[in-house]
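Peer 1: I'd like to ask some things about the structure below.
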Amino acid sequence: MRAEQQLMFYCPLCCAVLYCSVECQREDTHGSTCQSHGFWCSKFLTYMKDTSTLSDFPFEFSQETSSADFDATRYRSFLKEKGVLGEGCWLREGLTSSDKVQSHRYGRYLDLENPYVLPVESCVLDEPISVDCQSSIVDWASYYKCRELDLSSPVAILLQWPLTVFFIIQNVLNGTEPGNEVNIDIVGVEKEVELVPVFKELGNLLPESKIDIHMFGRHLHPQVKEKTWSFGSVVVSVHNELYHKNVCAPQAQTPHLVIGFNAGIAAYSSWIPTIKKLKSMKVPTYFTDYCKSSIELSRLMLKDHCDVMTSDPILNPFRSPIRMASSDHDLPWFSNAYIFGLECT
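Numbering (mature numbering (1 follows the signal peptide of the UniProt record, and there is no 0)), first residue to last: -24 to -1, 1 to 321.
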């Protein structure tokens, strides 16, 4: 619940949830089910201790963008100051509920000509990565150094997607051998279909591999349905359907890796048949999420409905540097903050 904060008070134990009255707090805290604060309070206290770690970025602007009071209004001002508000692949960043863009299906705004908008970054990211520094890329600081990008550049906000895939490949598949083909399925896509051009950077990071990406999501805009784009060694195809319906097709290839960004698995029942299919396929499958509370809910749901266990979440070094506000709590929220996997044995 959100209201005038000065009229409310935080839970004195976890300091993550606001209440309007003692009666409201007492009612919410009573009980031990996952719907009550009694279940979550000690967990929230632990999650809140991660705030400084989650907010640790090398960027010149990150003290502002990772602060607890960084809201949509300040984000829009930040994007405007950087000269990218409402442009290119930045179009859905900093939106408010009243923005007309929100009413359009994902895929309506796909800018293949000028995705980054920023002139310097556009030139830099069009060039291959120096072979000498490829192996040193382990976080944003090392990536920016390798790419010779200024730490004032906000381009990490867009690059979090391909860099997260790169991190998972390097740490889950132990990298790729020269000449290998890597087939990646990205499930539950929404805004990712409007970020197709930025996945070209994955080819720059893995220059000797052919990367075939298939994105799966529903209710996408007609202009991206069943379309394919090539960016050098990276090929991206978009499918307007739920993943479990596609992989049942006899012609579907078996991926080397399946990824779901900011999945929020517990919030959508449509994940259940997809997870069950992935369990039977026994394909390495990883998800990201905004915070550990969402991952904990996903863990409970997967155990109860799919008989699937998950790995412990790890901090994603290529998470977004933009802190987001939650309507339910004041836990630190960052896009692609944590990575966890399915344990389908």
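We put the CB at the ideal spot given by N, CA and C, even for glycine.
For T250, write down the residues that DSSP places opposite it in a beta bridge.
Peer 2: Here the question's residue 250 lines up with position 274 in the sequence shown. The partner list for T250 (beta bridge, DSSP) is empty, contrary to what the question assumes.
Peer 1: Rounded to whole angstroms, what is the Cα-Cα separation between V259 and R123?
Peer 2: In the sequence shown, residue 259 corresponds to position 283, counting from 1. In the sequence shown, residue 123 corresponds to position 147, counting from 1. Straight-line Cα distance between these residues: approximately 32 Å.
Peer 1: So V172 and V212 are in contact, right, with Cβ under 8 Å, and what is the actual spacing, rounded?
Peer 2: Stepping through the sequence shown from its first residue, residue 172 is reached at position 196. Stepping through the sequence shown from its first residue, residue 212 is reached at position 236. Going by Cβ atoms, the distance from V172 to V212 rounds to 5 Å, so yes, they are a contact pair.
Peer 1: Measure the C-alpha to C-alpha separation of I105 and L135 and round it to an integer number of angstroms.
Peer 2: Here the question's residue 105 lines up with position 129 in the sequence shown. Here the question's residue 135 lines up with position 159 in the sequence shown. So the two alpha carbons sit approximately 15 Å from each other.
Peer 1: Taking C-beta to C-beta, are E63 and D87 nearer than 9 Å?
Peer 2: One-based indexing of the sequence shown puts residue 63 at position 87. One-based indexing of the sequence shown puts residue 87 at position 111. Cβ atoms of E63 and D87: closer than 9 Å.
Peer 1: Please work out which residues of its chain come closer than 6 Å, Cβ to Cβ, to R68, disregarding the five sequence neighbours upstream and downstream, and give them in chain order.
Peer 2: In the sequence shown, counting from the first residue as 1, residue 68 sits at position 92. K167, listed in sequence order.
Peer 1: Rounded to whole angstroms, what's the CA-CA distance from P226 to G14? Just pull it up for me.
Peer 2: Looking up residue 226 in the sequence shown gives position 250. Looking up residue 14 in the sequence shown gives position 38. Note that P226 scores 45 on pLDDT, short of 50, meaning its location in the model is unreliable; the coordinates nonetheless yield the value given after this. Each residue's alpha carbon lies about 48 Å from the other.
Peer 1: With a threshold of 16 other CB atoms inside 10 Å of the CB of N216, please say whether the residue is buried or exposed.
Peer 2: As a working note, residue 216 is residue 240 in the sequence shown. Counting Cβ neighbours within 10 Å, N216 comes out buried, since at least 16 surround it.
Peer 1: Taking 8 Å as the cut-off, does the stretch 176 to 186 touch the stretch 204 to 211 (at least 3 CB pairs, one atom from each stretch)?
Peer 2: The answer is yes - the stretch 176 to 186 touches the stretch 204 to 211, with three or more Cβ pairs under 8 Å.
Peer 1: Can you tell me which residues form a DSSP beta bridge with D161?
Peer 2: Taking the sequence shown and counting its residues from 1, the one referred to as residue 161 is at position 185. Looking at the DSSP assignment, D161 forms a beta bridge with H190, V234.
Peer 1: Work out the CA separation of S185 and C65 for me, nearest whole Å.
Peer 2: Indexing the sequence shown from 1 puts residue 65 at position 89. Indexing the sequence shown from 1 puts residue 185 at position 209. In a straight line, the C-alpha of C65 is about 25 Å away from that of S185.
Peer 1: Taking a contact to mean a Cβ-Cβ separation below 9 Å, would you say G236 touches Y262 in this structure?
Peer 2: For the purposes of this step, residue 236 is taken as the residue at position 260 of the sequence shown. For the purposes of this step, residue 262 is taken as the residue at position 286 of the sequence shown. Yes.
Peer 1: My guess is that R84 and H195 are in contact by the Cβ rule of under 8 Å, so how many angstroms apart are they, rounded?
Peer 2: Here residue 84 is taken as the residue at index 108 of the sequence shown, counted from 1. Here residue 195 is taken as the residue at index 219 of the sequence shown, counted from 1. Going by Cβ atoms, the distance from R84 to H195 rounds to 11 Å, so no, they are not a contact pair.
Peer 1: Do the CB positions of L233 and N312 come within less than 9 Å of each other?
Peer 2: Locating residue 233 in the sequence shown gives position 257, counting from the first residue. Locating residue 312 in the sequence shown gives position 336, counting from the first residue. Cβ distance not < 9 Å, so L233 and N312 don't count as in contact.
Peer 1: Just to confirm, are L149 and Y119 a CB contact at a threshold of 9 Å?
Peer 2: Mapped onto the sequence shown, residue 149 falls at position 173. Mapped onto the sequence shown, residue 119 falls at position 143. Cβ distance not < 9 Å, so L149 and Y119 don't count as in contact.
Peer 1: Tell me whether the beta-carbon of G240 lies closer than 9 Å to the beta-carbon of S287.
Peer 2: The sequence position of residue 240 within the sequence shown is 264, counting from 1. The sequence position of residue 287 within the sequence shown is 311, counting from 1. The answer is no: Cβ separation not under 9 Å.
Peer 1: Who are the Cβ neighbours of P293 in its own chain at under 8 Å, not counting the five residues just before and after it?
Peer 2: Here residue 293 refers to the residue found at position 317 of the sequence shown. Correct list, in chain order: V114, D115, W116, F143.
Peer 1: Determine the direct distance from the alpha carbon of C(-10) to that of S31, and round the result to whole angstroms.
Peer 2: Along the sequence shown, one-based indexing puts residue 31 at 55. Along the sequence shown, one-based indexing puts residue -10 at 15. Roughly 18 Å between the two C-alpha positions.
Peer 1: Give the secondary structure of S74 by DSSP, where H, G and I count as helix, E and B as strand, and everything else as coil.
Peer 2: Along the sequence shown, read from residue 1 onward, the residue named residue 74 stands at position 98. Coil at S74, not helix or strand.
Peer 1: Along the chain, where does the beta strand (DSSP E) containing W205 start, and where does it finish?
Peer 2: The residue labelled residue 205 in the question sits at position 229 within the sequence shown. It spans 204 to 207 - the beta strand (DSSP E) in which W205 sits, taken as one unbroken run.
Peer 1: Output the distance between the C-alpha atoms of I162 and N222, rounded to the nearest integer angstrom.
Peer 2: For the purposes of this step, residue 162 is taken as residue 186 along the sequence shown, with counting starting at 1. For the purposes of this step, residue 222 is taken as residue 246 along the sequence shown, with counting starting at 1. Distance between the alpha carbons of I162 and N222 is about 12 Å.
Peer 1: Hey, how far is the Cα of S302 from the Cα of D45?
Peer 2: Numbered from its first residue, the sequence shown carries residue 302 at position 326. Numbered from its first residue, the sequence shown carries residue 45 at position 69. C-alpha separation (whole angstroms): 12 Å.
Peer 1: Spatial neighbours of M285 within its chain, please: C-beta separation below 7 Å, excluding the five flanking residues on both sides.
Peer 2: As a working mapping, residue 285 is identified with position 309 in the sequence shown. The answer, listed in chain order, is K279, E319.
Peer 1: Report the residue from F33, T72, S28, S296 whose alpha carbon sits nearest the alpha carbon of I315.
Peer 2: Reading the sequence shown from its first residue, position 339 is the one you call residue 315. Checked all of F33, T72, S28, S296; the closest Cα to I315 is S296.
Peer 1: Looking only at DSSP bridge pairs, what is G62 linked to?
Peer 2: The count along the sequence shown starts at 1 and reaches residue 62 at position 86. Partner(s): none; G62 has no beta bridge.
Peer 1: Taking the alpha-carbon positions, what's the L(-12) to C10 distance?
Peer 2: Position 13 of the sequence shown, counted from the first residue, corresponds to residue -12. Position 34 of the sequence shown, counted from the first residue, corresponds to residue 10. C-alpha separation (whole angstroms): 18 Å.
Peer 1: For L276, which option in W247, T264, A242 has the closest C-alpha, if you only look at C-alpha atoms?
Peer 2: Counting from one through the sequence shown, the residue named residue 276 turns up at place 300. When each option's Cα is compared against that of L276, the closest is A242.
Peer 1: Nearest by alpha-carbon distance to S246: which of S270, L218, K255, L273 is it?
Peer 2: Within the sequence shown, residue 246 is the residue found at index 270, counting from 1. Out of S270, L218, K255, L273, L218 has the C-alpha closest to the C-alpha of S246.
Peer 1: Leaving out five residues before and five after T5 in sequence, what residues of the same chain have Cβ atoms less than 6 Å from its Cβ?
Peer 2: Counted from its first residue, the sequence shown places residue 5 at position 29. Excluding sequence neighbours, T5 sits near H13, G14.
Peer 1: Tell me the start and end of each unbroken beta strand (DSSP E) in the stretch 97 to 175 that is at least 3 residues and wholly inside, in chain order.
Peer 2: Counting only runs of 3 or more, we get 157 to 163.
Peer 1: When you compare the CB positions of V93 and H305, do they come within less than 9 Å of one another, or not?
Peer 2: Here residue 93 is taken as the residue at index 117 of the sequence shown, counted from 1. Here residue 305 is taken as the residue at index 329 of the sequence shown, counted from 1. Not closer than 9 Å, so no.
Peer 1: How big is the Cα-Cα spacing for M24 and M300?
Peer 2: Working through the sequence shown from its first residue, we reach residue 24 at position 48. Working through the sequence shown from its first residue, we reach residue 300 at position 324. Approximately 14 Å between the Cα atoms of the pair.
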